[in-house]
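>
Residue numbers (the UniProt record's numbering): 1 to 83.
#1: Quick check: what's the CA-CA separation for residue 42 versus residue 22?
#2: If we call anything under 8 angstroms between Cβ atoms a contact, is residue 37 one with residue 25?
#3: In angstroms with no decimal places, state the Cα-to-Cα distance between residue 35 and residue 27.
#4: Please report the residue range of the beta strand (DSSP E) in which residue 3 lies.
#5: Where does residue 36 fall in DSSP's three states?
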């Protein structure tokens with residue numbers, strides 16, 4: 001646990017932020033009384049978010065795309081000199 005008053009935070013914020021990133025809790029003091037506690041925030045590293053498979057769902061509903069892809073069309077336009 002570390003303590004910092006308002007003046008310290010104003011003038012040495014990067015140092016105090018380093019403490020917080022290292023996992024230290026910092027108590028903020030005003031006139032020698034604790035007014036706030038700053039802690040580090042970390043997301044769990046093993047947290048996985050499941051995203052819907054939009055492409056797979058669209059492919060089953062609509063079917064495979066027909067014709068050339070957009071990138072193929074742009075590439076052929078660039079090669080032929082059309083801008």
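C-beta: ideal position from N, C-alpha, C; glycine also. The structure presented is a predicted model; accordingly, all values stated were derived computationally and were not measured.
On the basis of the supplied data:
#1: Rounded to the nearest angstrom, the two C-alpha atoms are 11 angstroms apart.
#2: Yes, Cβ-Cβ distance for residue 37 and residue 25 is below 8 angstroms.
#3: Whole-angstrom Cα-Cα distance: 8 angstroms.
#4: Its beta strand (DSSP E) spans residues 2-5.
#5: Taken through DSSP and simplified to helix, strand or coil, residue 36 comes out as strand.
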